[in-house]
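Numbering (this note's numbering), first residue to last: 121 to 432.
Have a look at the structure below, then the notes.
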Amino acid sequence: MKSCIYLSYKGLGANLLHLAYCHEIAKKYGPVTIITLCGNLEAALKDDPLIEKIIFISKYHKRFIDILKLKKLLDTFNFDQIFIFYPSLRIYLASILSNIKKVFCYPLLKKNKLHLVEAAKKFTEKSLEINSSSTETDFFIHKEKIENINNNIDNKKFKIVIGAGSSGPTTKWGAKNFYNLINRLNNNGNYYFFILCGPNDKSLSEEITNNINNNNYVSLYNKKIEEVIPFLCSANMYVGNDSFGSHITAQSGIRSLVILLDSPKAYTDYSKNYQRIFPENTKIENITHGSNLNPDDVSVEKVYQEILNNKF
Numbered sequence: 121m122k123s124c125i126y127l128s129y130k131g132l133g134a135n136l137l138h139l140a141y142c143h144e145i146a147k148k149y150g151p152v153t154i155i156t157l158c159g160n161l162e163a164a165l166k167d168d169p170l171i172e173k174i175i176f177i178s179k180y181h182k183r184f185i186d187i188l189k190l191k192k193l194l195d196t197f198n199f200d201q202i203f204i205f206y207p208s209l210r211i212y213l214a215s216i217l218s219n220i221k222k223v224f225c226y227p228l229l230k231k232n233k234l235h236l237v238e239a240a241k242k243f244t245e246k247s248l249e250i251n252s253s254s255t256e257t258d259f260f261i262h263k264e265k266i267e268n269i270n271n272n273i274d275n276k277k278f279k280i281v282i283g284a285g286s287s288g289p290t291t292k293w294g295a296k297n298f299y300n301l302i303n304r305l306n307n308n309g310n311y312y313f314f315i316l317c318g319p320n321d322k323s324l325s326e327e328i329t330n331n332i333n334n335n336n337y338v339s340l341y342n343k344k345i346e347e348v349i350p351f352l353c354s355a356n357m358y359v360g361n362d363s364f365g366s367h368i369t370a371q372s373g374i375r376s377l378v379i380l381l382d383s384p385k386a387y388t389d390y391s392k393n394y395q396r397i398f399p400e401n402t403k404i405e406n407i408t409h410g411s412n413l414n415p416d417d418v419s420v421e422k423v424y425q426e427i428l429n430n431k432f
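Here it is, written out as structure tokens:
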């Protein structure tokens, strides 16, 4: 049975958050095709045997008149069923017009306050007629890619991904906090750091690395997604902002410490490998887009102690 999954999200992290449900569908019906608004998802899931194909669309998803163009796209694949992980009337109607036999979609009138994890879990359980769908899964990567990283780094060192990059300025803890944290750790332990920043964060990466006292790091800002992922999967811990990197480490069984300043807790609700760090006297339920919490309200010492408490 040819199964399609539609993920209406541009961010790589939001797409990876749904990976457990893609796997659940694939385990029942065989490898799936994913249609996504994220240009990096194909590279990220390159080694995943449960994903047959990933189709990136950068258009046809904004205007109501795009329904016929979406239909034409769907017609080329002859899907037997589609799972639409979003209340999208456009893709729903396009699927119906494309004569896809089974069309599963989020309730079309429930866009507000959509809890990504709870909504996806309930939708998967209902669509597959199962009692429980796990929110966690395994991120697939060929072992030799991890071995190549480990062969070039002293394995006596505790390897930490420093997630300094993020999709927006209000979610970032700040370069000064990160390099002060790294120097604090270097004073009291044997570490190696993977500085994770996006291609547009060269100045952020350089501000951090120029202020690190030791030469025990590698910067990843100028690497492609498929080059970055082996570093993430070979780490012992993730520490940083809410970014795609934490979703990969968490799904790789790696302890992931995420500093929440402007991101809903829903983004990290799904995995036992997450540890959330946020300002004192703040309720985690109140943190969401627009919170704009002060990064300096999360002290370097607080994050440092969380790292020590979670090294196991």
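Cβ coordinates follow ideal geometry from the N, Cα and C atoms, glycine included.
Exercise. Tell me which same chain residues have a C-beta within less than 8 Å of the C-beta of Lys392, skipping the five on either side of it?
Worked result: Only Glu256 meet the Cβ criterion.
Problem set entry | Euclidean distance between Cα positions of Glu426 and Pro399 | About 13 Å.
Problem set entry | Limits of the beta strand (DSSP E) - the one that Thr156 falls within | Where Thr156 is concerned, the enclosing beta strand (DSSP E) stretches over Val152 to Thr156.
Problem set entry | Beta-carbon proximity list for Cys317, same chain, < 6 Å, skipping 5 on both sides | Cβ within range, chain order: Ala284, Gly285, Leu324, Ser325 and Tyr341.
Problem set entry | Beta-carbon proximity of Ser366 to Gly360, cut-off 9 Å | Yes, Cβ-Cβ distance for Ser366 and Gly360 is below 9 Å.
For this session: State the start and end residues of the unbroken alpha helix (DSSP H) segment that holds Ser253.
Result: Note, Ser253: premise wrong, no alpha helix (DSSP H); not H, not E.
Exercise. Three or more beta-carbon pairs under 8 Å between the stretch 122-137 and the stretch 152-170, yes or no?
Worked result: Output reads yes: the stretch 152-170 touches the stretch 122-137.
Problem set entry | Distance CB(Ala370)-CB(Tyr394) smaller than 9 Å | A Cβ-Cβ contact shorter than 9 Å links Ala370 with Tyr394.
Exercise. Going straight from the alpha carbon of Ile204 to that of Lys265, what length do you get?
Worked result: Each residue's Cα considered, the two are about 33 Å apart.
Problem set entry | Top-ranked residue by Cα proximity to Leu139, from Lys343, Ile202, Phe197 and Lys241 | Of the residues Lys343, Ile202, Phe197 and Lys241, the one whose Cα lies closest to the Cα of Leu139 is Lys241.
Exercise. Exposed or buried, which one is Pro384 when buried takes at least 16 other CB atoms within 10 Å?
Worked result: Under this definition Pro384 is a buried residue.
Problem set entry | Strand pairing of Gln371, partner residues [DSSP] | None, per the DSSP bridge assignment.
For this session: Work out the CA separation of Ser208 and Ala386 for me, nearest whole Å.
Result: Rounded to whole angstroms, the gap between the alpha carbons of Ala386 and Ser208 is 20 Å.
For this session: Determine the contact status of Phe243 and Tyr390, defining contact as a CB-CB distance below 9 Å.
Result: Cβ distance not < 9 Å, so Phe243 and Tyr390 don't count as in contact.
Problem set entry | Cβ-based neighbour list, Phe298, same chain, cut-off 7 Å, excluding 5 preceding and 5 following | So the qualifying residues of the chain are Ile282, Ala284 and Ile328.
Problem set entry | Between the CA atoms of Ile171 and Val152 - distance to the nearest angstrom | Taking the straight line from one Cα to the other gives about 5 Å.
Exercise. Is Cys142 helix, strand or coil by DSSP?
Worked result: DSSP places Cys142 in helix when its eight states are reduced to three.
Exercise. Just curious, the beta strand (DSSP E) that Phe298 is in, first and last residue?
Worked result: If you look at Phe298, you'll find it isn't in any beta strand (DSSP E); it sits in the alpha helix (DSSP H) that goes Ala295 to Asn306.
Exercise. If you draw a straight line from the C-alpha of Ile187 to the C-alpha of Val237, how long is it?
Worked result: Using only the alpha carbons, I get a separation of about 27 Å.
Problem set entry | Beta-carbon spacing of Leu413, Leu381 below 9 Å | Yes, the Cβ-Cβ distance between Leu413 and Leu381 is below 9 Å.
Problem set entry | Start and end residues, beta strand (DSSP E) containing Glu172 | For Glu172, the enclosing beta strand (DSSP E) covers residues Ile171 to Phe176.
Exercise. Assuming Leu424 and Leu305 make a contact with CB atoms under 8 Å, what is their CB distance in whole Å?
Worked result: Per the sequence shown, residue 424 should be read as Tyr rather than Leu. Contact flag correct, Cβ pair sits at about 7 Å.
Exercise. Does the beta-carbon distance from Ser215 to Leu194 come in below 9 Å?
Worked result: Contact: yes.
For this session: Just the C-alpha distance for Gln201 and Gly309, rounded to the nearest angstrom, thanks.
Result: Rounded to whole angstroms, Gln201 and Gly309 show a C-alpha spacing of 53 Å.
For this session: Give the DSSP-derived three-state secondary structure of Tyr396 in the structure shown.
Result: The identity of residue 396 in the sequence shown is Arg, whereas the question assumes Tyr. In the three-state DSSP reduction, Arg396 falls in the strand class (E or B).
For this session: With a threshold of 16 other CB atoms inside 10 Å of the CB of Asp274, please say whether the residue is buried or exposed.
Result: Here Asp274 is exposed: its Cβ has fewer than 16 other Cβ atoms, across all protein chains shown, within 10 Å.
For this session: Could you round the C-beta distance between Tyr226 and Lys277 to whole angstroms and report it? I think they count as a contact, below 8 Å.
Result: The beta-carbon distance between Tyr226 and Lys277, rounded to whole angstroms, is 45 Å. This is too long to meet the 8 Å contact definition.
Exercise. In angstroms, rounded to a whole number, what distance separates the CA positions of Ile407 and Asn219?
Worked result: The straight-line gap separating the alpha-carbon atoms of Ile407 and Asn219 is approximately 42 Å.
Exercise. Using a Cβ-Cβ distance under 9 Å, would Ile407 count as near chain B?
Worked result: The structure shown contains no chain B; it holds only a single protein chain.
Exercise. Around the C-beta of Thr196, are 16 or more other C-beta atoms found within 10 angstroms, so that it is buried, or is it exposed?
Worked result: That one is exposed.
Exercise. Taking Leu165 as the reference, which of Ile261, Ser363 and Lys292 has the closest Cα?
Worked result: Cα-wise, what sits closest to Leu165 is Ile261.
Exercise. Who does Ser419 pair with in a DSSP beta bridge?
Worked result: Paired residues: none, contrary to the question.
Exercise. Counting along the chain, where does the alpha helix (DSSP H) carrying Phe351 start and finish?
Worked result: Unbroken alpha helix (DSSP H) run through Phe351: Ile345 to Cys353.
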